[in-house]
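Q: The sequence shown begins at 629 in the numbering used here and counts up by one.
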Amino acid sequence: TLPKFGKVKMIYHRPIPEGFKIKTATITRKADGYYVTLSIQDNTVPDVIPVDSVKNPIGIDMGLKSFLIKSDGSEVPIPQYYRKAQKRLKKRQKAVSRSKKGSNNRQKAVTRLGKAHKKVADTRKDFHFKTAKELLDNHDLVAHEKLNIKGLAKTRLAKSILDAGWGQFLSILSVKAENAGLVTKAVNPRNTSQNCSNCGKKVAKKLQDRIHSCPHCGFTVDRDVNAAINVLNLAVGHPASSKAYRATEAIAGVGKKPTLNL
Numbered sequence: 629t630l631p632k633f634g635k636v637k638m639i640y641h642r643p644i645p646e647g648f649k650i651k652t653a654t655i656t657r658k659a660d661g662y663y664v665t666l667s668i669q670d671n672t673v674p675d676v677i678p679v680d681s682v683k684n685p686i687g688i689d690m691g692l693k694s695f696l697i698k699s700d701g702s703e704v705p706i707p708q709y710y711r712k713a714q715k716r717l718k719k720r721q722k723a724v725s726r727s728k729k730g731s732n733n734r735q736k737a738v739t740r741l742g743k744a745h746k747k748v749a750d751t752r753k754d755f756h757f758k759t760a761k762e763l764l765d766n767h768d769l770v771a772h773e774k775l776n777i778k779g780l781a782k783t784r785l786a787k788s789i790l791d792a793g794w795g796q797f798l799s800i801l802s803v804k805a806e807n808a809g810l811v812t813k814a815v816n817p818r819n820t821s822q823n824c825s826n827c828g829k830k831v832a833k834k835l836q837d838r839i840h841s842c843p844h845c846g847f848t849v850d851r852d853v854n855a856a857i858n859v860l861n862l863a864v865g866h867p868a869s870s871k872a873y874r875a876t877e878a879i880a881g882v883g884k885k886p887t888l889n890l
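1. Might you give, ordered along the chain, the residues of its own chain that have their beta carbon closer than 8 Å to the beta carbon of residue 688, omitting 5 neighbours on each side?
2. Have a look at 848, 811, 795 and 767 and flag the residue whose alpha-carbon is nearest the alpha-carbon of residue 780.
3. For residue 781, which of helix, strand or coil comes out of DSSP?
4. Would you call the segment 716-728 in contact with the segment 743-752, where contact means no fewer than 3 C-beta pairs closer than 8 Å?
5. Work out the CA separation of residue 792 and residue 749 for me, nearest whole Å.
6. Rank 864, 639, 736 and 839 by C-alpha distance to the C-alpha of residue 854 and give the top, closest one.
7. Which full runs of the alpha helix (DSSP H) of 4+ residues lie inside the segment 765-846, going along the chain?
8. DSSP has residue 705 in a bridge; who is on the other side?
9. Give me the Cα-Cα distance between residue 683 and residue 810, rounded to the nearest whole angstrom.
10. Can you say whether residue 820 is buried or exposed, counting buried as having 16 or more other CB atoms within 10 angstroms of its CB?
11. Sort out for me which residues DSSP pairs residue 664 with in a bridge.
Structure representation (structure tokens):
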């Protein structure tokens, strides 16, 4: 039931999870129709695990060559949904430009363009949900860099960064972790790519240098894996030279009742 409209029929995209309470409903018009976005709050959030009880933490480094690289050396390939759809989107955009303003053909062309963009966005979001689930199914703490997405989106890599959707993914990861009583932690990204994750010494690298080879301790590994290990080290609060993943640092901001947009 909506104010001024009364009862409105709708098709559920997915059922409201048990234990959640609807907080707000937002009606949005998109290319292929009207959508209602429900903001729901989980009143049955499990207690967040104490950090000193963490059993299987993982650090991740967000990238453009791979979507993310894990501290265990594995990676998730980057799908590049927007770039793969560029040819089709360009064709749809040309159809809009060539049509007469105010005509039915133009309106149809605009609708087709909007649907094409929405398909890219929906596919990307589905990938983000599945990737977050895979991480949280296997790890009780996920550490990542605290990225300035808006700042990065102003660089020459803007199109690739926006296509990857780092901000949306990290938001989904955080909410899903809280719902499951698990932990995510954002750490300062300063020098995570430069410092050796084995001995802690700084090893200067240019962007094109893809291998970390420490002249101080001899540790050699992929540059992004080294960064992911540093991220994990910072998150669990132990020095780089420590081999034991001891979780000793309290996590701020946990225990809140999270909300999730469906």
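Just so it is clear, CB atoms sit at the ideal spot from N, CA and C, and this is done for glycine as well.
A: Let's see:
1. Here residue 688 refers to the residue found at position 60 when the sequence shown is read from its first residue. Closer than 8 Å at Cβ, skipping near neighbours: 696, 697, 698, 699, 763, 770, 771, 772, 856 and 859.
2. Numbered from 1 along the sequence shown, position 152 holds the residue referred to as residue 780. Nearest in C-alpha terms to residue 780, of all of 848, 811, 795 and 767, is 795.
3. To locate residue 781, count along the sequence shown from 1; it is residue 153. Three-state DSSP puts residue 781 in coil, outside helix and strand.
4. Contact between the segment 716-728 and the segment 743-752 is present: 3 or more CB-CB pairs across the two stretches fall below 8 Å.
5. Against the sequence shown, residue 749 aligns to sequence position 121. Against the sequence shown, residue 792 aligns to sequence position 164. Inter-residue distance for residue 749 and residue 792 is about 11 Å (C-alpha atoms, whole angstroms).
6. Start at 1 with the first residue of the sequence shown, and residue 854 comes out as number 226. Selected option, being the one with the closest Cα: 839.
7. Correct list: 777-780, 786-792 and 794-807.
8. Within the sequence shown, numbered from 1, the residue matching residue 705 stands at position 77. According to DSSP, residue 705 bridges with 694.
9. On the sequence shown, position 55 is the one that residue 683 refers to. On the sequence shown, position 182 is the one that residue 810 refers to. Going from the Cα of residue 683 to the Cα of residue 810 covers about 11 Å.
10. Translated into the one-based positions of the sequence shown, residue 820 becomes position 192. Classification for residue 820: buried.
11. What you label residue 664 is simply residue 36 of the sequence shown in a count that begins at 1. Its beta-bridge partners are 655.
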